[in-house]
Amino acid sequence: MQENLLNQIDLNNIPKHVAIILDGNGRWAKKRFLPRFKGHQEGMKRVVEIVEVASDIGIKYLSVYAFSTENWKRPVLEVNSLMDLLVYYVEIQLDRLKKNNVRVITLGDISKIPAKAKNAIIKACNETSSNTGMVLNIALNYGGRDDIINATKNIIKDLELEKINLDNLNEDIFKNYLYTKNQPDVDLLIRSGGEKRLSNFLLYQTAYAELYFTDCLWPDFKEEELFKSIIDYQNRNRRFGGV
Ligand code: FPP
Numbered sequence: 176m177q178e179n180l181l182n183q184i185d186l187n188n189i190p191k192h193v194a195i196i197l198d199g200n201g202r203w204a205k206k207r208f209l210p211r212f213k214g215h216q217e218g219m220k221r222v223v224e225i226v227e228v229a230s231d232i233g234i235k236y237l238s239v240y241a242f243s244t245e246n247w248k249r250p251v252l253e254v255n256s257l258m259d260l261l262v263y264y265v266e267i268q269l270d271r272l273k274k275n276n277v278r279v280i281t282l283g284d285i286s287k288i289p290a291k292a293k294n295a296i297i298k299a300c301n302e303t304s305s306n307t308g309m310v311l312n313i314a315l316n317y318g319g320r321d322d323i324i325n326a327t328k329n330i331i332k333d334l335e336l337e338k339i340n341l342d343n344l345n346e347d348i349f350k351n352y353l354y355t356k357n358q359p360d361v362d363l364l365i366r367s368g369g370e371k372r373l374s375n376f377l378l379y380q381t382a383y384a385e386l387y388f389t390d391c392l393w394p395d396f397k398e399e400e401l402f403k404s405i406i407d408y409q410n411r412n413r414r415f416g417g418v
């Protein structure tokens, strides 16, 4: 089945930047009478697999929404377990990420996350910083509105320092103040778990993204689901406002 789907993919038209909202871990666990943490644990395994296959098929930028600015509202135990999972992910995957030439970048204000998670992720970013393959953006304490406000504040600072000029400020300059600086816009945004909203993910960067929503819960999102989303993307007619 995967082979069949893979054959339908045009490898010359792979979306450059794919963003994923990993939703449905809690419901996956609930259906099995398991604690929510088990859903996140299984979800992490899918992150491992999808990172590998995305890099194999030539996706250049993969953004995953690991923890949003709103996720602090969750019970403290769940927040802690998500942070622990992140540390575990980075620790067990770092060698593999290096081997696959993947570069890890964080999106969001990581100054607010627990030291252990922060240190692990900074280590992964540093140790992969010269890799030239796929960029893996891990969104942590990330919010699209926060991204835009943070960019605006830094633009104002640079205006005051006369590093930039108000008359020249345009979309290209603005983009480079976002957490995704130097990266292309999102081409394909995938959301698992059945909800059809952006939930504050990459609001500026998804202006012309193709949106793909699936009922598949994230822990069930195997490589064939990624292939299906890419086939769907390749059948869209992207006009970027033109005719
Ligand atoms: C949404 O499911 C999922 C999250 C808030 C966390 C996603 C995090 C991981 C899969 C852990 C590891 C991530 C990385 C990048 C290493 P939900 O809890 O909102 O599910 P529900 O809507 O069914 O309750």
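The sequence shown: position 196 = 371 (this note's numbering), numbered continuously.
Glycine included, C-beta positions come from ideal geometry on N, C-alpha and C.
Bear in mind that the values here come from a model prediction, so they are computed numbers and not experimental data.
Alpha carbon of residue i to alpha carbon of residue j, nearest angstrom
i, j, result
"D360", "T303", "22 Å"
"K338", "L344", "11 Å"
"S404", "I184", "10 Å"
"I285", "M309", "21 Å"
"S238", "L311", "6 Å"
"D395", "L181", "18 Å"
"T225", "E400", "The question names Thr, but residue 225 is Ile in the sequence shown. Rounded to the nearest angstrom, the two C-alpha atoms are 10 Å apart."
"L257", "G417", "42 Å"
"I449", "K287", "Since the first and last residues shown for the chain are 176 and 418, residue 449 lies out of range."
"Q409", "N179", "16 Å"
"L252", "K206", "20 Å"
Where residue i falls: helix, strand or coil (DSSP)
i, result
"E385", "strand"
"N316", "strand"
"R202", "helix"
"T327", "helix"
"L180", "helix"
"L334", "helix"
"L364", "strand"
"L373", "coil"
"L311", "strand"
"I339", "coil"
"I296", "helix"
"I285", "helix"
Best match in the options for proximity to residue i [C-alpha to C-alpha]
i, options, result
"G283", "T327, N316, G218, K328", "N316"
"K213", "N351, L373, D259", "D259"
"K291", "G318, N312, L261, I313", "L261"
"T307", "G417, E399, K274", "K274"
"A326", "V279, Y379, L363", "Y379"
"R202", "F402, N294, L392", "L392"
"D231", "R411, F402, F415", "F402"
"G199", "N351, Q216, Q177, L377", "Q216"
Limits of the unbroken alpha helix (DSSP H) element including residue i
i, result
"R271", "251-274"
"S305", "Here S305 belongs to no alpha helix (DSSP H), and DSSP marks it neither H nor E."
"S404", "398-409"
"I232", "211-232"
"F349", "346-350"
Environment of residue i [buried if 16+ CB atoms lie within 10 Å]
i, result
"A382", "exposed"
"F242", "buried"
"L272", "buried"
"Y387", "buried"
"N301", "exposed"
"K423", "Residue 423 lies beyond the stretch modelled for the chain, which goes from 176 to 418, so this question has no answer here."
"E385", "buried"
Run of the beta strand (DSSP E) containing residue i, from where it starts to where it stops
i, result
"L237", "236-243"
"L282", "278-282"
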